[in-house]
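Numbering (the numbering used here), first residue to last: 52 to 190.
Here a beta-carbon is modelled for each residue, glycine too, at the ideal position from N, C-alpha and C.
Remember, predicted model here, so these are calculated numbers, not experimental data.
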C-alpha cells in the first residue's frame, strides 16, 4: 500500500511539473491567450473588469502553481521518509531555473517579481503542509 501511495504522489507531482513547464514555456502570444481566455470567463462570472482581473490572474497563478507544487512534493518526500523542508528547497530552485529559462522562449522574459511570487507560493504551501501536519497524515 505504501508503494502505491509513493507512486501516486510521484506521478501527480510529475504531471503537475509538466503542466507548469507547459504553461511556463508557451510563447508570448500563447501565454497571453491562455491566461486571457480564463480571465474573460472569470470576469463574466464575477462581473468585474477583464483588464484589471487579467493582471491579478497572471500574478496569482504563480503563487497557486508553486503552493500546489510544494504540497505535492511534501507528500512525496514524507512517504519516502524525507523531511518536508526539502520540498520547499526544490520548489525554490525550480522557480529560479524556470524563470531563468524564460528568455529562451520567444516573447518571454525573466522577471524577479515572478520568482518572488513563485517563492511566496512555495513558502505558503510549506506552511500549509506543516499546519495540517501533512507529515503525520500520510503515515
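What whole-angstrom Cβ distance do residue i and residue j have, given they're in contact under 8 Å?
| i | j | result |
| --- | --- | --- |
| residue 173 | residue 142 | 4 Å |
| residue 78 | residue 133 | Rounded, the Cβ-Cβ distance is 36 Å, inconsistent with contact. |
| residue 121 | residue 139 | 6 Å |
| residue 185 | residue 115 | That pair is no contact at about 18 Å. |
| residue 76 | residue 157 | With 8 Å as the limit, residue 76 and residue 157 do not qualify as a contact, their Cβ atoms being about 10 Å apart. |
Quick check: what's the CA-CA separation for residue i versus residue j?
| i | j | result |
| --- | --- | --- |
| residue 59 | residue 112 | 24 Å |
| residue 251 | residue 108 | Nothing can be reported for residue 251: it is not among the residues displayed for the chain, which extend from 52 to 190. |
| residue 193 | residue 123 | The structure shown has nothing for residue 193, since the chain only spans 52 to 190. |
| residue 147 | residue 162 | 10 Å |
| residue 119 | residue 71 | 11 Å |
| residue 82 | residue 68 | 17 Å |
| residue 84 | residue 52 | 42 Å |
| residue 182 | residue 80 | 39 Å |
| residue 87 | residue 74 | 13 Å |
| residue 145 | residue 166 | 10 Å |
The ligand ZN heavy atoms versus the CB of residue i: any closer than 6 Å?
| i | result |
| --- | --- |
| residue 181 | The ligand ZN is absent from the structure shown, which contains no ligand whatsoever. |
> Would you call the stretch 176-186 and the stretch 101-108 in contact, with 3 or more CB pairs under 8 Å?
Replying inline: No, they do not touch.
> Is there contact between the stretch 147-165 and the stretch 90-98, where contact requires at least three CB pairs shorter than 8 Å?
Replying inline: no
>> What ranges does the alpha helix (DSSP H) occupy inside the stretch 77-155, keeping only unbroken runs of at least 4 residues that lie completely in it?
In response: Within the stretch 77-155, the alpha helix (DSSP H) runs of at least 4 residues that lie entirely inside it are, in chain order, 79-97, 101-130, 136-151.
> Which runs of the alpha helix (DSSP H) spanning at least 4 residues fall entirely within the stretch 151-187, listed in chain order?
Replying inline: 163-182
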